[in-house]
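In what follows, a structure is listed as structure tokens, so that the remarks can point back to it.
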Amino acid sequence: MRLTFGGLFPVTGPALSLGFALWLSAGSGVSGAVTPNEFGRPVARDFPPGRSRIGHLCQAVTQDAAGFIYIANGTLLRFYDGAVWRTIPQPTESAGVRKFAVAADGTVYLGGAGVIGYVSGAGESKVYVSLADRLPPSARNYDDIYDVLAVGNTVYFSDEEKILIWRDDRFTVVPCPSPQSARGARLHRVGDAVYVTALDRTLCRLVNDRLEPVADDPVLRGNRIMTVEAGADGALVLLTAERGFFRLAAGRLAPHATEANRWLAGKTILRALRLPDGALVVAFTSVSGDGGMRFDAAGRYVGPLDQTIGLYVKTIRDLFHDREGGLWLGTETGVIRLEWPSAVSVFDAGNGLGPGAVADVVRHDGVLHAATAEGVYRCAPSDEAGRPARFERVAAFPVYSLLSHSAGLLVAGYADLFVLTPAGPAAVAQVPPGGGGLQRSKSDPDRVWIPTTHGVR
Numbered sequence: 132m133r134l135t136f137g138g139l140f141p142v143t144g145p146a147l148s149l150g151f152a153l154w155l156s157a158g159s160g161v162s163g164a165v166t167p168n169e170f171g172r173p174v175a176r177d178f179p180p181g182r183s184r185i186g187h188l189c190q191a192v193t194q195d196a197a198g199f200i201y202i203a204n205g206t207l208l209r210f211y212d213g214a215v216w217r218t219i220p221q222p223t224e225s226a227g228v229r230k231f232a233v234a235a236d237g238t239v240y241l242g243g244a245g246v247i248g249y250v251s252g253a254g255e256s257k258v259y260v261s262l263a264d265r266l267p268p269s270a271r272n273y274d275d276i277y278d279v280l281a282v283g284n285t286v287y288f289s290d291e292e293k294i295l296i297w298r299d300d301r302f303t304v305v306p307c308p309s310p311q312s313a314r315g316a317r318l319h320r321v322g323d324a325v326y327v328t329a330l331d332r333t334l335c336r337l338v339n340d341r342l343e344p345v346a347d348d349p350v351l352r353g354n355r356i357m358t359v360e361a362g363a364d365g366a367l368v369l370l371t372a373e374r375g376f377f378r379l380a381a382g383r384l385a386p387h388a389t390e391a392n393r394w395l396a397g398k399t400i401l402r403a404l405r406l407p408d409g410a411l412v413v414a415f416t417s418v419s420g421d422g423g424m425r426f427d428a429a430g431r432y433v434g435p436l437d438q439t440i441g442l443y444v445k446t447i448r449d450l451f452h453d454r455e456g457g458l459w460l461g462t463e464t465g466v467i468r469l470e471w472p473s474a475v476s477v478f479d480a481g482n483g484l485g486p487g488a489v490a491d492v493v494r495h496d497g498v499l500h501a502a503t504a505e506g507v508y509r510c511a512p513s514d515e516a517g518r519p520a521r522f523e524r525v526a527a528f529p530v531y532s533l534l535s536h537s538a539g540l541l542v543a544g545y546a547d548l549f550v551l552t553p554a555g556p557a558a559v560a561q562v563p564p565g566g567g568g569l570q571r572s573k574s575d576p577d578r579v580w581i582p583t584t585h586g587v588r
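Per the working numbering, the sequence shown starts with residue 132, numbered consecutively.
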């Protein structure tokens, strides 16, 4: 099953249509700067609680082998069939799903408050299957599963006291006590290896279903580790929630040399996701400013992930990249899917362009201008903070056509021709009301043809 969300707008010839641009731009080689561009907001589809008939809080998102999207929606588990969100009943003791993991065979496993199990059933006939009754007697005191990870068809669940390994239809219990404030151990996949982190614990690796110490350091014990990734020359690269990236090599931990650390300073990361092209997206906790950031594969800052790109919410609770190329954002007010990257970027009232149809788009003196029924708008490129380009109005009357001319930017209004000057539009001549697009003469570049409802001027 392949779900289609929105579409791409084909463009032939010169790209004059508003918003046709690749969304993810490359950062410049200059530290702390982003190459200015004229990309607008990514194409997005939102699923707000009311219109989509789902709950508000969405703290986890995933996709199964058939392409269905699942969300942990408050205390409910829901999946999207391409038209509507459907509910999968949960046990009465469930207080909500926290994490998903998808095994190699495509099965969706889930863990949370009173939840440990998987989803069974094909198509729209899906049911939750609990694994609680398969736990050995010594492990049935589980209360809250905080993390779930799949490596092949082996699935790992962690709570505050142990790691539960589901393999070949049976559980293996690995003791892993952690402070209550740690909310259980975090599980990280590097290749086929599983690393385990928790506050006030050494970095460990699961070997033959036993925890094997890898490194001990105050940074590892005192920080939540968000990701563990393979680095160059056998090193590990670790992203902490509050102190950015570190590199672990030969048992020694040191700050990792990446521009991303400067941008992450003073922030607390709630979620982090490495995308298939190597780019990184992070979401912040509400106490550190909400929203998130985007980085390219080299660690250069690309831009924010917040309301400046059209999000209508501030707090992002989860990040998920689907196999169709979309980035899902679980939020505290529904769920949003961004085209990522997007072959079309959008300019509308949300980023400065007035309502109504766009009649013309022209570049003059290197600046893009748009003609609309609300006036003439000028495109301001993205800034050094990576906020997308936006339009600013420079003339407030209905405009039908624009033309870049040696005398200036010519503007065709309803019954007048203007030239746009630094002081504003200056009238050049009156013309019959209404008309078509201004045309430059090919034989005399200074001459302009003005189609009207009463002939050509």
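Cβ coordinates follow ideal geometry from the N, Cα and C atoms, glycine included. Quick caveat, the model's predicted, so the values are computed rather than measured.
With burial defined as no fewer than 16 other Cβ atoms inside 10 Å of the residue's Cβ, what is the status of Ser473: buried or exposed? buried
For the region 530 to 537 against the region 430 to 447, are there 3 or more C-beta pairs whose distance is under 8 angstroms? no
Go through its chain and collect everything with a Cβ distance to Asp340's Cβ below 8 angstroms, but skip five positions before and after it. Ile296, Thr303 and Val305
Mind checking Lys293: buried by the 16 CB within 10 Å criterion, or exposed? buried
Please report the straight-line C-alpha distance between Glu515 and Gly186, rounded to a whole angstrom. 37 angstroms
Could you check whether His387 and Val359 sit closer than 7 angstroms to each other, using their CB atoms as the reference points? no
At the level of alpha carbons, what is the spacing between Ser256 and Arg209? 12 angstroms
Please classify Asn392: does DSSP put it in a helix, a strand, or coil? helix
Are Gly483 and Arg509 closer than 7 angstroms when you measure CB to CB? no
Span of the alpha helix (DSSP H) holding Ser269? Looking at the DSSP string, Ser269 is not in any alpha helix (DSSP H), and its letter there is neither H nor E.
Only counting the same chain, and skipping five residues up and downstream in sequence, which positions put a Cβ closer than 7 angstroms to that of Arg184? Trp216
Which of helix, strand or coil does DSSP assign to Ser183? helix
Would Ala232 and Val279 qualify as a contact pair, given that the criterion is a beta-carbon distance under 7 angstroms? yes
Helix, strand or coil for Leu450, going by three-state DSSP, please let me know. strand
Enumerate in chain order the residues of its own chain whose CB-to-CB distance from Gly566 is below 7 angstroms, with the five nearest sequence positions on each side excluded. Tyr531, Ala543, Ile581, Pro582, Thr583 and Thr584
Measure the beta-carbon distance from Val466 to Leu460 and round it to whole angstroms, keeping in mind my assumption that it falls under 8 angstroms. 7 angstroms
I'd like the span of the alpha helix (DSSP H) that includes Pro435, first residue to last. First-last for Pro435: Tyr432 to Leu436, but that is the beta strand (DSSP E), not the alpha helix (DSSP H).
Keeping to the same chain, check which residues put their C-beta closer than 8 angstroms to that of Gly181; ignore five residues upstream and five downstream. none
Would you call the region 384 to 402 and the region 345 to 359 in contact, with 3 or more CB pairs under 8 angstroms? yes
Only counting the same chain, and skipping five residues up and downstream in sequence, which positions put a Cβ closer than 6 angstroms to that of Asn204? Ile185, Gly186 and Cys189
Spatial neighbours of Asp347 in its chain, beta-carbon cut-off 7 angstroms, leaving aside the 5 residues before and after: Thr333
At the level of alpha carbons, what is the spacing between Val562 and Gln570? 15 angstroms
Hey, would you say Val398 sits closer than 7 angstroms to Ser419, going by beta carbons? A small fix is needed here, since residue 398 is Lys in this sequence, not Val. Yes.
Please name the residue, chosen from Gly409, Ile400, Gly430 and Pro407, that lies closest to Gly422 on a Cα-to-Cα basis. Ile400
Are there 16 or more other CB atoms within 10 angstroms of the CB of Arg176, so buried, or fewer, so exposed? exposed
Shortest alpha-carbon distance to Glu169 belongs to which of Val559, Pro553 and His500? His500
Which partner residues does Asn204 have in the DSSP bridge list? Cys189 and Leu207
Which whole-angstrom value describes the C-beta separation of Met424 and Trp394, a residue pair presumed to lie in contact below a C-beta threshold of 8 angstroms? 6 angstroms
Is the separation between the beta-carbon of Arg314 and that of Tyr277 shorter than 7 angstroms? yes
Within 10 Å of its beta-carbon, does Ala554 have 16 or more other beta-carbons around it, so buried, or fewer, so exposed? exposed
Please tell me whether Gly315 has its Cβ less than 7 angstroms away from any Cβ of chain B. The structure shown contains no chain B; it holds only a single protein chain.
Beta-carbon proximity list for Ala428, same chain, < 7 angstroms, skipping 5 on both sides: Asp408, Gly409 and Ala410
Could you give the C-beta distance for Thr552 and Pro179, rounded to a whole number, given that I count them as a contact under 8 angstroms? Not quite, the Cβ-Cβ distance comes to about 44 angstroms (not below 8 angstroms), so this is no contact.
Pro349 lies in the beta strand (DSSP E); which residues open and close that run? No beta strand (DSSP E) contains Pro349, which is instead part of the alpha helix (DSSP H) from Pro349 to Gly353.
Give every residue of the same chain whose Cβ lies closer than 6 angstroms to the Cβ of Val258, excluding the five residues on either side of it in the sequence, and list them in chain order. Ser251 and Gly252
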